[in-house]
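Enquirer: Sending over a structure as structure tokens; questions will come in a sec.
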Amino acid sequence: MTSERFIAGIYNYCDYWCERCAFTRRCRNFASRRELEHEARGGKAGDDATRAEFWNRLADKVHETAAFGPADAWADEFDFELDPTPDPALVARVEAHHQAVGEHPLVRLAHAYMKGADAWLKTADGDLKAVAQGLLAAAGSKFADEDYEEAAREMGELLEVVAWYHTLIPPKLGRAIGGLLERDDGDGADHTLLKEVRLEDANGSGKVVLAAIERSIAAWLRLRGILPNREAEILRLLALLSRLQRGLQAALPGAQAFHRPGFDDPV
Ligand code: SF4
Numbered sequence: 053m054t055s056e057r058f059i060a061g062i063y064n065y066c067d068y069w070c071e072r073c074a075f076t077r078r079c080r081n082f083a084s085r086r087e088l089e090h091e092a093r094g095g096k097a098g099d100d101a102t103r104a105e106f107w108n109r110l111a112d113k114v115h116e117t118a119a120f121g122p123a124d125a126w127a128d129e130f131d132f133e134l135d136p137t138p139d140p141a142l143v144a145r146v147e148a149h150h151q152a153v154g155e156h157p158l159v160r161l162a163h164a165y166m167k168g169a170d171a172w173l174k175t176a177d178g179d180l181k182a183v184a185q186g187l188l189a190a191a192g193s194k195f196a197d198e199d200y201e202e203a204a205r206e207m208g209e210l211l212e213v214v215a216w217y218h219t220l221i222p223p224k225l226g227r228a229i230g231g232l233l234e235r236d237d238g239d240g241a242d243h244t245l246l247k248e249v250r251l252e253d254a255n256g257s258g259k260v261v262l263a264a265i266e267r268s269i270a271a272w273l274r275l276r277g278i279l280p281n282r283e284a285e286i287l288r289l290l291a292l293l294s295r296l297q298r299g300l301q302a303a304l305p306g307a308q309a310f311h312r313p314g315f316d317d318p319v
């Protein structure tokens, strides 16, 4: 396989939903994971023992000496003494940064959405089962003139979309806002470059969040039609997503135009 098979850095701005990804064959991250899993399984179906073997093999990679030599050897290349005492100023700065990110209105909004969607998914179970049973019963009817199986499958997929993205949005947004809030008071070319890189990364994470919001909105709109008795809650969740979308576009105006390798390339 040539290295052109892989799209450089595609996994940096994806939604980690490999099962649904159209680029598994072009993602080095996915290929490496597959390779490790395959090695561990030895062609057999995965069980606890083979999964344990997988993690053991991964740990063994750390001790491999072929590429870098023994860890002790390359660690000695560095001629500075590592002081294990944390720098209090640095610790305070990191903590303040985490706090600022956690308290950012958009991050709070994202968490409010995650909590609301989570509660909805847990409590909608009964309604969804009733709809699914209705669809299955209709599918068995000799008078059925609609593709009810397809409708049941679609409903399952809509739920998967909502469930996947509601937990992805807060951490990805946290990363985007983290990049935006990162303080750097230094001057000079290095600092300018660092600021640019951080903003670029924030835009990339922001773009992933915008895509996740868009897909979630589409899924909720369909679910609204399927479960009219849950409409009020769905509308509240849609309102949160819409506020999040507008807020993110305002906070990171470069996010929408960010080019994600692979995903934003012409097919
Ligand atoms: S780019 Fe696709 S295959 Fe690679 S890690 Fe992301 S979702 Fe998975």
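Read in our numbering, the sequence shown has 145 at position 93, and its numbers run on one by one without any break.
Using N, Cα and C, we set each Cβ at its ideal position, and we do this for glycine too.
Taking the alpha helix (DSSP H) that A148 belongs to, which residues open and close that run?
Expert: Element bounds for A148: P140 to E155.
Enquirer: What do you reckon, is the C-beta of R62 under 7 Å from a heavy atom of the ligand SF4?
Expert: Before going further, note that residue 62 is Ile rather than Arg in the sequence given. I62 Cβ: within cutoff of the ligand SF4.
Enquirer: Should D139 go down as buried or exposed, given a rule of 16 or more other Cβ atoms within 10 Å for buried?
Expert: Exposed.
Enquirer: Should K181 be labelled buried (16 or more other beta-carbon atoms within 10 Å of its own) or exposed?
Expert: Exposed, since its Cβ has fewer than 16 Cβ neighbours within 10 Å.
Enquirer: For A148, which residues in the same chain have their Cβ closer than 7 Å to its Cβ, ignoring the five residues on either side in sequence?
Expert: Here the set comprises nothing.
Enquirer: What did DSSP end up calling P305 once you bin it into helix, strand or coil?
Expert: Here P305 sits in coil by DSSP.
Enquirer: Any heavy atom of the ligand SF4 inside 7 Å of the beta-carbon of T219?
Expert: No, the beta carbon of T219 sits no closer than 7 Å to any heavy atom of the ligand SF4.
Enquirer: Quick check on the DSSP output: what are the complete alpha helix (DSSP H) runs of length 4 or more inside the region 222-303, in order along the chain?
Expert: Listed in chain order, they are 241-278 and 283-303.
Enquirer: What does the alpha-carbon distance come out to for the pair L300 and L290?
Expert: Approximately 15 Å, taken between the alpha carbons.
Enquirer: Compute the minimum distance between the beta carbon of W216 and the heavy atoms of the ligand SF4, and state whether it is under 7 Å.
Expert: No, the ligand SF4 has no heavy atom inside 7 Å of this Cβ.
Enquirer: Would you kindly check if the distance between the Cβ of A176 and the Cβ of R282 is under 8 Å?
Expert: Against a cut-off of 8 Å, the Cβ pair of A176 and R282 comes out as a contact.
Enquirer: Compute the beta-carbon to beta-carbon distance between L304 and G258, rounded to the nearest angstrom, for a pair I have assumed lies under 8 Å.
Expert: Sure, about 4 Å apart at Cβ, within 8 Å.
Enquirer: Thinking V214 and W272 are a contact (beta carbons under 8 Å), I'd like their distance in whole angstroms, please.
Expert: Confirmed, about 7 Å.
Enquirer: Is the distance from the Cβ of L296 to the Cβ of L158 below 8 Å?
Expert: Yes, they are a contact pair.
Enquirer: Leaving aside the five residues before and after Y63 along the sequence, list all residues of the same chain whose C-beta is less than 8 Å from its C-beta, in chain order.
Expert: Cβ neighbours of Y63 beyond the five flanking positions: C79, R80, N81 and F82.
Enquirer: Per DSSP, what kind of secondary structure is C70 in: helix, strand or coil?
Expert: The answer is helix: DSSP assigns C70 an H, G or I state.
Enquirer: Which one of A284, A307 and R312 has the shortest CA to CA distance from A169?
Expert: Closest by alpha carbon: A284.
Enquirer: Quick one: give me the first and last residue of the alpha helix (DSSP H) that H90 is part of.
Expert: Where H90 is concerned, the enclosing alpha helix (DSSP H) stretches over R80 to R93.
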